[in-house]
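Some notes on the structure that comes next.
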Amino acid sequence: MAIQSNVLLISLVLMAVVAGFFISAVRASRKPDTSAPREVVRTRFIYALLTVGVIVTAVSLRPWPHAISAANGPSATVNVTGAMWYWEIDRETVPLGVPVIFNARTTDVTHGFGVMDSQDRLLFQTQAMPGYVNQVEHVFRQPGVYRVVCMEYCGVAHHAMTNEFTVAAAN
Amino acid sequence: MQALLASLLVVAAGGGLLWQATDGGQALTAESARRLAVQRAPQPVSPFALETMSGASATIPDARGKVALVEFIYTTCPTLCQSAGADMFRLGNRVREAGLADRVTLMSVSFDPEFDTVERMKSYGERHDADGALWTIARPRPDVLPQILSDFGVIAIPDRMGGYTHNVAVHVVTADGRLAAIHDTGDFEGIIAAARQALR
Amino acid sequence: MMDNNSAQRLPGPQAGAVKFTMLLAGVVLLLMMVFGFVMRAAQGNLIDLDPAMFYQLLTAHGAGMVGTAGLTGAAILWYFMGRYVPLARGVFWAFLGLFLLGVVLILGAIFIGGYGGAWTFLFPLPANSGGVWGTDAAAAFLLGYVAIGVAFLLLYLEVGRKLIACYGGIGGALAWPLVMGKGTAEDAPPPAVVAAMATTIFNTIGTVVGAAVLASSLVNLYFPEFKVDALLAKNMIYFFGHVFINASIYMAVIAVYEIIPEYTGTPWKTSRVFAVAWSLVLLFVMAVYPHHLLQDTVMPAWSLAMGQIVSYLSGIPLLAVTAFSLIVYLRKANAMRWDLASALLVLGVAGWSVGSVPAIIDGMISVNKVMHNTQWVPGHFHIYLILGEVAMAFGFMMWLIGKPEHKAVGGFNWAAFSAYVLGGTGFTLMFLVSGALSVPRRWAVHAPEWVLQSQIATGFALLVIVGAAMFVLRYLLGLKHSAGR
Amino acid sequence: MKRRLRPGLAAIIMFACILGNRALEADPVLHVLVQLPMLGLCGALLAPRREWRWAQGGFAPLLAALFGIAFWMLPRSIDGAVSFPVMTLAKFLSVPLIGALLVIGWRQAHALLRGFLKAQAISMAGFMAFLFTHSPVRLCNNYLIDDQWRLGHGFLFLAIGLAMAWTIPLLTNARPRPSPRTRAKPITPVQSGVSA
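From first to last, the protein sequence lines are chains G, R, Z and B. First residue of the first sequence? That's 19 in my numbering, and the numbers climb one at a time after it. First residue of the second sequence? That's 817 in my numbering, and the numbers climb one at a time after it. First residue of the third sequence? That's 57 in my numbering, and the numbers climb one at a time after it. First residue of the fourth sequence? That's 6 in my numbering, and the numbers climb one at a time after it.
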């Protein structure tokens, strides 16, 4: 299952929980109620949130999500340049199963370099910004045609700013 | 009431001052002001003699009636003058393509004439493929240098590393000795257009 | 019932000006909602809209909604601070005048000048339109922001200096003695004052930073030789934008602190945890902005990690203090009186809390990599705007018009509230679903497989507009009846 | 400071500025962030303590001072002061006048106007810092790009310094027990009158 589906699921559950607390409080508000949570509950709640926060932070930041690991072992580098309103990619095929490093640049305004798989599912993105080269690394697991889209609003043809590349097993 | 009037007066005067000080909101720096002033009204420059990298003599304005495209350099410059040299080479090609080679001359003028000997100019010229005909490197006499720099509005200041920092540009000088336009060294279109204008 | 309740139900200082402002805000909100509806309809292929026009509407919708949220927040802040400190009346009129001047400039820039550079004016887009709009249009847009910035600065200076003078400095107004364990809760300033002081500080700082980046962008428009560093500009813009929109919500919540006690009968007191929470909010709001830059890999890694961590931490004061306290007060209430005002105010806190969930999750770098600038982002902020800030603003409006019979939950009012909540929920959930399906945000034209989602969202948007229009109508009628009071 | 000492102090500063002009102008940080403020201080010390009708509210003198400051913040004007004697003279005459106008205006300005100007000053110092540290071209023909970069950092420190100087006092006067009795009476709607 794609990461997006998990994110949606987790979000909806947590949102429902938060909403549930409010709904039950509203229901309880019409009659005298002795079950009101006390200060000690608030303190526990804060500690619980902090604990969850520490765990989630540690798990989600290690390894560093933007790490570029490719120095050791085979890898490929792709230079992509955004311009109003097209993408220039310096190679048509990229290898399968090895880390691919994308260097995202722009010649004019800020663009967002996003790559979608054949099911139009966003795999990763990075910003392409004047004067900077943003690097992003990805390992492609499926051969096929991948679509490059613009993920940062860049003017009147923003939505039409697409290109493609092919992922194939390296010889 | 008095205070309101005074404030309005101040706004009018202050706005006028800033308008004047920026040439109508067009130039915030001395460099852009210099270019704007020249573009609005070509300014006379005092004629001066030069010694070229082949040891020959030359003049600005050009005695043969050509339009001179002049930049100021020093040959040991590690950065700006080297890229300016490359730009001059490309500019030469563009001048040829435009069919102006016999009516235009390109001149890189040293503002460090005591150090930039004929040999040093020659080696700088060779490094950048200056042909000596369309484009040559030249130096003025040291005593006229301040006058030249002041006429052209060029300021060279020591960069604390033994070299100079200076404003880099191509100056278009008409045959009758007027500075008609100033452009970035890479702005070939602008320079060619200004040269055509100066030939008219 | 509280002993000072009778005094609180009277109109506060400058009630007339505030009522007028809220009417204006209500009408603008409706108009901006219509813009949003048109954009969703265009994405759903229900209408034919030129992309240039779409992006103009996008720009107007963004700037208009953020501005109006700020306007309603400021009106709430001003109204309730008028209960505690003597505010100079002229300042509010100057604020409103400058704000409207800004609105005129922005609307002119968009619909006359064709400006469509989005409300974020991300450098160097305003100067680089690809021929769609001119320099003057971009400048008018930026100058509109400057006017609005000056308006807010004036308002905050007045509120800030009075709070500082009356409550013993910034520290006094933020209840720091209580935080340090030196004072007693009885001596501490009321919650509204603490919230107002914190908002005043961080939004003043935001405005000052915004002014610097606006000035730089303006100079760059006319003097392209003055280059701006794109990364620095982006940092400053997102700092300014993030602080501003957050300030709107944090100002609006003052209405909850001040009005809900009238309904529950329990005063909302400044406790130690409340004071600590607001001092933390003051820090968090300013430190969290890098979560907008998680896809700028050239940013220092520590700043992105800070963005993610603070993004999570920011949820704690909201959930554990404001939301938790509200839930406690509701449960403790001896027969809470529900009407349109109290219902919308509670909805506001609930929506804000619920909306923080997808926001915090998107603030994780690994999630952000596949969710950033998809419709997930408008998804979460529409939750805490439609069902949060704007709900609080409508709640405040309903409270302003007084008479209980106008606000009773039933009939017309119940229909309006239901339409608004149902529409808002469906509308925002569609954004979240589309975001999870990788639909990018801010696209004028949608791929065929996304069209159905946009069409469903369009339907929900219509429901929101119907609900909001009924609120505004109710407010108008209520104003008419309350005019004589 | 005793009033009668002021002209003397102003004279000393002015002399220092004139005698050290070459040295001060050689470095843009000294030129813009030391010499110009010192010249302004000269004028401020000499500003007559009078309340003119035209200066009511401080608007006219402050506006005049702001336009003057804007003029001297143009890279072109700074360049001019180094290159042309006329501009040098203009600097020595106008900047003290700006200082005097600032003081005259400030004395009569409303607290809100003062606050606005403080915010504006921080913002503009930040803007100048932005400009000088990030411009890829030299903005002054008389100064090196490194100097420009240092000047930008000078402005950044100025912005931070001003922000701290103006906010820290607001923090330190926190009273240990801010009680309703020690602060101004809360204004209830009844006291302030109904304005609907």
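We put the CB at the ideal spot given by N, CA and C, even for glycine. Here the structure is a predicted model, which means the values were calculated and not measured.
Close Cβ partners of residue i (< 7 Å) along its chain, the five nearest in sequence each way excluded
{"i": "B/SER184", "result": "Annotation note: pLDDT 42 at B/SER184 (below 50); position unreliable, no value reported."}
{"i": "R/ALA1011", "result": "VAL883, LEU885, LEU916, VAL920, VAL988"}
{"i": "Z/PHE93", "result": "THR514, ALA517, LEU518, ILE521"}
{"i": "Z/LEU488", "result": "PRO414, TRP432, GLY435"}
Any C-beta of chain R under 8 Å from that of residue i
{"i": "Z/TYR278", "result": "yes"}
{"i": "B/ASP84", "result": "yes"}
{"i": "B/ALA65", "result": "yes"}
Beta-carbon neighbours of residue i, restricted to chain Z and to distances below 8 Å
{"i": "G/GLU170", "result": "LEU178, ASN429"}
{"i": "G/ALA46", "result": "LEU386, ARG387"}
{"i": "G/PHE142", "result": "LYS425, VAL426"}
Residue-level contact to chain G via CB, residue i, 8 Å cutoff
{"i": "Z/ILE316", "result": "no"}
Cα-Cα separation, residue i to residue j
{"i": "R/SER873", "j": "R/ALA985", "result": "23 Å"}
{"i": "G/GLY115", "j": "R/GLY978", "result": "54 Å"}
{"i": "R/TRP951", "j": "R/PRO877", "result": "15 Å"}
{"i": "R/PHE1004", "j": "R/ASN909", "result": "10 Å"}
{"i": "B/PHE97", "j": "R/HIS999", "result": "34 Å"}
{"i": "G/VAL70", "j": "Z/ALA311", "result": "31 Å"}
{"i": "Z/PRO434", "j": "R/LEU907", "result": "51 Å"}
{"i": "B/LEU41", "j": "B/TRP59", "result": "26 Å"}
{"i": "Z/PRO346", "j": "Z/GLN364", "result": "8 Å"}
{"i": "Z/LYS75", "j": "Z/PHE300", "result": "23 Å"}
{"i": "Z/ALA196", "j": "Z/LEU163", "result": "9 Å"}
{"i": "B/MET19", "j": "B/GLU30", "result": "15 Å"}
{"i": "Z/TRP175", "j": "B/TRP57", "result": "45 Å"}
{"i": "Z/ILE372", "j": "B/GLN125", "result": "34 Å"}
C-beta neighbour in chain Z for residue i, strict 8 Å
{"i": "R/GLY841", "result": "yes"}
{"i": "G/ASN181", "result": "no"}
Under 9 Å from the C-beta of residue i: neighbouring residues of chain Z
{"i": "G/GLY190", "result": "Outside the displayed range of chain G (19 to 189) lies residue 190 of chain G, so it cannot be described from this structure."}
{"i": "G/VAL163", "result": "Result: empty, since nearest Cβ-Cβ is about 15 Å, beyond 9 Å."}
Interface partners of residue i on chain B, CB under 8 Å
{"i": "R/ALA849", "result": "ARG81"}
{"i": "Z/SER260", "result": "The sequence shown places Thr at residue 260 of chain Z, rather than the Ser named in the question. ALA124, listed in chain order."}
Neighbour flag for residue i against chain B, beta carbons, 8 Å
{"i": "R/LEU965", "result": "no"}
{"i": "R/ASP975", "result": "yes"}
{"i": "Z/VAL284", "result": "yes"}
{"i": "R/SER823", "result": "yes"}
{"i": "R/LEU833", "result": "yes"}
{"i": "Z/ILE132", "result": "no"}
{"i": "R/VAL934", "result": "no"}
{"i": "Z/VAL147", "result": "yes"}
Proximal chain R residues relative to residue i, where beta-carbon distance stays under 7 Å
{"i": "B/GLY62", "result": "ALA819"}
Within-8 Å CB hit, residue i to chain C
{"i": "Z/SER490", "result": "Looking at the structure shown, chain C is missing, and the protein chains on hand are G, R, Z and B."}
Partners in chain B for residue i, counting only beta-carbon separations shorter than 9 Å
{"i": "R/GLY830", "result": "LEU68, ALA69, LEU71, PHE72, GLY73, ALA75, PHE76"}
{"i": "R/ALA884", "result": "Per Cβ cutoff of 9 Å: no residues; R/ALA884 is ~22 Å from chain B at best."}
{"i": "Z/SER370", "result": "The premise fails here: Z/SER370 is roughly 23 Å from chain B at the closest Cβ pair, so nothing lies under 9 Å."}
Same chain, Cβ closer than 8 Å to residue i, five either side skipped, listed in chain order
{"i": "Z/GLY239", "result": "ALA231, PRO233"}
Residues that residue i contacts on chain R, provided the C-beta gap is smaller than 9 Å
{"i": "Z/GLU281", "result": "LEU844, THR845, GLU847, SER848"}
Close-in-space but distant-in-sequence residues of the same chain around residue i (CB under 6 Å, 5 per side omitted)
{"i": "Z/MET121", "result": "MET88"}
{"i": "R/PHE888", "result": "VAL925, PHE927, VAL970"}
Beta-carbon neighbours of residue i, restricted to chain Z and to distances below 7 Å
{"i": "G/ASN152", "result": "ASP352, THR353, VAL354"}
Interface partners of residue i on chain G, CB under 7 Å
{"i": "Z/LYS218", "result": "Residues of chain G passing the Cβ test: none, with the nearest at roughly 32 Å."}
Residues that residue i contacts on chain B, provided the C-beta gap is smaller than 7 Å
{"i": "Z/GLU214", "result": "LEU117"}
{"i": "Z/TYR327", "result": "Position check: residue 327 of chain Z holds Ser in this sequence, whereas Tyr was assumed. Result: empty, since nearest Cβ-Cβ is about 16 Å, beyond 7 Å."}
Neighbouring residues, chain G, relative to residue i (Cβ below 8 Å)
{"i": "Z/GLN364", "result": "THR75, SER78, LEU79"}
(request) Report the residues of the stretch 852-866 of chain R with a CB closer than 7 Å to any CB of chain B, ordered along the chain. (result) none
(message) Using a Cβ-Cβ cutoff of 8 Å, what residues of the stretch 103-134 of chain B are near chain Z? List them in chain order.
(response) Within the stretch 103-134 of chain B, the residues whose Cβ lies closer than 8 Å to some Cβ of chain Z are ALA116, LEU117, GLY120, PHE121, ALA124, GLN125, ILE127, SER128, MET129, GLY131, PHE132, listed in chain order.
(request) Compile a chain-ordered list of the residues in the stretch 132-158 of chain B whose CB is closer than 7 Å to at least one CB of chain Z. (result) PHE132, PHE135, LEU136, HIS139, SER140, PRO141, VAL142: these are the residues of the stretch 132-158 of chain B whose beta carbon lies less than 7 Å from some beta carbon of chain Z, given in chain order.
(message) Beta carbons nearer than 8 Å to chain B: which residues of the stretch 392-416 of chain Z have them?
(response) none
(request) Report the residues of the stretch 176-208 of chain Z with a CB closer than 7 Å to any CB of chain G, ordered along the chain. (result) Residues LEU178, PRO180, LEU181, ASN184, SER185, GLY186, VAL188.
(message) Residues of the stretch 45-60 of chain B in Cβ contact with chain R at a cutoff of 8 Å, in chain order, please.
(response) ARG58, TRP59, ALA60
(request) Name, going along the chain, the residues of the stretch 975-1003 of chain R whose beta-carbon falls closer than 7 Å to a beta-carbon of chain B. (result) ASP975, THR981, ASN983
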